[in-house]
Amino acid sequence: MQYGSSGNTLNNFISNGSYSFCNPAFASLAGYSSLALLKMLGMSAYTVIQRFRTGSFITPEDDIYKKMMNQLGLSHGNMVGTKSDLVERARENHLNDLENIIPFVLAGLFYIGTRPKFDCALWHFRIFLLSRLLHTIAYQVPLPQPTRTISWLLGYSSIISMTIPVLRSIQL
Amino acid sequence: MQYGSSGNTLNNFISNGSYSFCNPAFASLAGYSSLALLKMLGMSAYTVIQRFRTGSFITPEDDIYKKMMNQLGLSHGNMVGTKSDLVERARENHLNDLENIIPFVLAGLFYIGTRPKFDCALWHFRIFLLSRLLHTIAYQVPLPQPTRTISWLLGYSSIISMTIPVLRSIQL
Amino acid sequence: MQYGSSGNTLNNFISNGSYSFCNPAFASLAGYSSLALLKMLGMSAYTVIQRFRTGSFITPEDDIYKKMMNQLGLSHGNMVGTKSDLVERARENHLNDLENIIPFVLAGLFYIGTRPKFDCALWHFRIFLLSRLLHTIAYQVPLPQPTRTISWLLGYSSIISMTIPVLRSIQL
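Going down the list, the sequences are from chains A, B and C. Using this note's numbering, read the first sequence as starting at 69 and increasing by one per residue. Using this note's numbering, read the second sequence as starting at 69 and increasing by one per residue. Using this note's numbering, read the third sequence as starting at 69 and increasing by one per residue.
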């Protein structure tokens with residue numbers, strides 16, 4: 069970590085409060101959130117790959133990509149019937165990530181403010197990240213249900229569990 | 069609140085800056101944001117309920133849920149025509165939440181950094197949360213327009229109003 | 069900036085850590101994030117405008133707006149064929165903003181915790197905001213491809229580049 073002259077960790081922790089990389093729970097949240105966000109950003113790239121594989125683009129100006137693929141001999145005329153399925157599957161997965169990973173990071177930020185026990189926080193983050201990875205695999209392979217539903221439910225429960233101490237410690 | 073040995077609230081407020089639960093405006097934001105996020109997460113559960121009620125699922129592997137419902141005698145053959153409407157209504161509502169509640173929390177985090185007056189901040193959060201609850205009721209009942217439009221506009225204005233002090237207090 | 073009695077900026081910076089408007093990198097993030105969020109919120113208004121221009125609404129209760137437009141002599145019967153295209157283009161653009169601007173703000177918040185050099189942080193934020201403005205123009209005019217793809221890729225790279233120091237400075 070790039071810390072300046074005030075190198076005393078304990079001192080930093082006291083003076084900086086919860087929102088500092090000296091607080092191991094915040095550093096954990098930063099790491100797991102970044103990994104989850106990268107996984108979500110990866111869905112954009114994955115959707116683009118599926119678009120090129122199936123020749124399925126959304127706007128007329130994207131036709132230059134189709135022409136480019138034809139010139140390179142990469143056209144997939146035989147996949148026309150199934151094209152929207154693969155792209156839609158990637159897009160639905162991406163939307164589900166938005167609906168779960170973003171609330172995880174935001175709920176996590178407030179959760180850190182309640183000064184949770186480090187181990188307790190770490191397991192929330194671990195379970196969430198693993199459940200999202202499993203969810204994506206289950207969605208894209210696809211694995212038989214209810215694998216996808218259960219993996220989604222695990223991550224979902226982890227978010228709700230993090231909001232409870234926040235709601236307890238504040239008055240509206 | 070679970071505070072450690074440094075129990076002096078005034079001291080904490082001075083040393084921790086704006087982003088601490090000792091700052092009542094931040095604690096308020098945490099509470100109202102968590103409630104808004106829970107309301108948004110609730111839309112996932114609501115969509116699942118609408119899918120089961122109408123037997124409308126998106127992927128082939130979800131067919132086991134249809135079979136399960138048939139075995140339990142819960143099939144709704146007569147609702148086939150309207151099924152997509154109810155699910156789409158829930159999904160559009162969820163997307164609208166994503167487009168408004170997430171920017172609210174993020175704009176709120178920066179707004180807290182400008183040290184707003186507590187009362188002023190609190191009314192922004194209250195109006196936003198109420199407007200989103202009204203928006204959801206107006207969307208799902210559904211109530212006659214322009215109820216939904218007005219409730220959306222209230223929350224939307226609250227977010228924009230919070231970004232003004234942020235843009236004023238910084239130079240780009 | 070509205071600072072209270074503790075007016076000593078240097079003192080504030082030391083005692084408040086990274087997440088304070090006294091930290092110029094955080095103030096920058098707040099400004100650029102707010103502008104990006106306002107740009108994203110603008111897509112809601114833009115979609116509403118496109119709906120009214122084309123008379124394309126999603127729910128039956130919105131029919132009162134169609135009637136209102138007819139009474140005002142603003143109906144566009146001749147645009148029925150193209151209506152979904154314009155609205156869909158606005159909606160896809162909005163969704164792309166959600167998929168990129170929200171991760172930018174969240175990754176930026178953790179990036180600030182790694183105490184990046186101010187110049188380095190500022191250029192990340194500048195490139196991101198410009199790339200999103202260019203992306204929107206390229207999407208809505210529309211400009212010929214690959215303008216949209218390149219502008220999207222620039223902003224995307226900026227987010228990924230910000231997560232690298234976060235992942236480096238923490239252990240999972």
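Every residue gets a Cβ at the ideal spot worked out from N, C-alpha and C, and that includes glycine.
Query: Identify whether isoleucine 126/C lies in helix, strand or coil by the three-state DSSP scheme.; Result: coil
Query: In three-state DSSP terms, what is proline 233/A?; Result: helix
Query: Run through DSSP, which three-state label would proline 92/B get?; Result: helix
Query: Between glycine 223/B and leucine 197/B, what straight-line distance do the alpha-carbon atoms span, to the nearest angstrom?; Result: 8 Å
Query: Please decide whether valine 148/C counts as near chain A, where near means a Cβ-Cβ distance under 7 Å.; Result: Caution is warranted here: a pLDDT of 42 is assigned to valine 148/C, below 50, making its placement in the model unreliable, and no coordinate value can be reported.
Query: Tell me the DSSP secondary structure of valine 209/A in three-state form.; Result: coil
Query: How many angstroms separate the CA atom of tyrosine 100/A from the CA atom of arginine 194/A?; Result: 7 Å
Query: Of all the residues that make up the stretch 211-239 of chain B, which are near chain A by a beta-carbon distance shorter than 8 Å?; Result: none
Query: Hey, how far is the Cα of threonine 215/C from the Cα of asparagine 168/B?; Result: 28 Å
Query: Could you pull the start and end residues of the alpha helix (DSSP H) that isoleucine 132/B belongs to?; Result: 131-139
Query: Hey, would you say glutamine 213/C sits closer than 7 Å to isoleucine 132/A, going by beta carbons?; Result: yes
Query: Give every residue of the same chain whose Cβ lies closer than 7 Å to the Cβ of leucine 202/C, excluding the five residues on either side of it in the sequence, and list them in chain order.; Result: Ser219
Query: Are the CB atoms of isoleucine 227/A and alanine 95/B within a distance shorter than 7 Å?; Result: no
Query: With serine 88/C and glycine 181/B assumed to form a contact (beta carbons below 8 Å), what rounded beta-carbon distance in angstroms separates them?; Result: 7 Å
Query: Against threonine 173/B, what residues of chain A qualify as contacts under a CB-to-CB distance less than 7 Å, listed in chain order?; Result: First, the amino acid is wrong: residue 173/B is valine here, not threonine. Near valine 173/B (Cβ distances below 7 Å), the residues of chain A are Leu174.
Query: Is there a C-beta anywhere in chain A that falls below 7 Å from the one on tyrosine 87/C?; Result: yes
Query: Taking all protein chains shown into account, do 16 or more other C-beta atoms lie within 10 angstroms of the C-beta of arginine 200/A, making it buried, or fewer, making it exposed?; Result: buried
Query: For threonine 182/C, which three-state DSSP category applies?; Result: coil
Query: What number of angstroms, rounded off, separates the C-alpha of threonine 122/A from the C-alpha of leucine 154/A?; Result: 8 Å
Query: Have a look at lysine 185/A and proline 92/A and give me their C-alpha separation to the nearest angstrom.; Result: 10 Å
Query: Return the CA-CA distance between leucine 166/A and glutamine 139/B, expressed in angstroms with no decimal places.; Result: 34 Å
Query: Checking contacts by CB at 7 Å: is glycine 99/B closer than that to chain C?; Result: no
Query: Heavy atom of the ligand SAM less than 6 Å from the Cβ of glutamate 167/C, yes or no?; Result: Among the ligands in the structure shown, none appear at all, so the ligand SAM cannot be discussed.
Query: Quick check on DSSP: helix, strand or coil for tyrosine 87/B?; Result: coil
Query: Counting contacts by CB-CB distance shorter than 7 Å, is isoleucine 205/A in contact with chain B?; Result: no
Query: In whole angstroms, what separates the C-alpha of lysine 134/B from that of threonine 115/B?; Result: 16 Å
Query: Can you have a look at arginine 236/B and say buried or exposed, based on whether 16 or more other CB atoms are within 10 angstroms of its CB?; Result: exposed
Query: If contact means a Cβ-Cβ distance below 9 Å, which residues of the stretch 96-122 of chain B contact chain A?; Result: Ser96, Leu97, Ala98, Gly99, Tyr100, Ser101, Ser102, Leu103, Leu105, Leu106, Met108, Leu109, Met111, Ser112, Ala113, Val116
Query: Roughly how many angstroms separate the alpha carbons of alanine 206/C and cysteine 188/A, rounded to a whole number?; Result: 46 Å
Query: Between isoleucine 170/C and chain A, is there a C-beta pair that is closer than 7 Å?; Result: yes
Query: Short of 8 Å in beta carbon distance, which residues of its chain neighbour glutamate 160/C, apart from the five on each side in sequence? Order them along the chain.; Result: Tyr207
Query: Leaving out the 5 sequence neighbours to the left and right, which residues in its chain are closer than 6 Å to valine 173/B when beta-carbon positions are compared?; Result: Ser101
Query: For threonine 273/A, which residues of its own chain have a beta-carbon under 8 Å away from its beta-carbon, when the five flanking residues on both sides are left out?; Result: The shown model of chain A, from 69 to 240, leaves out residue 273/A, and the question about it has no answer.
Query: Tell me whether alanine 104/C is buried or exposed, calling it buried when 16 or more other Cβ atoms sit within 10 Å of its Cβ.; Result: buried
Query: Can a CB atom of chain B be found closer than 7 Å to the CB of isoleucine 195/C?; Result: no
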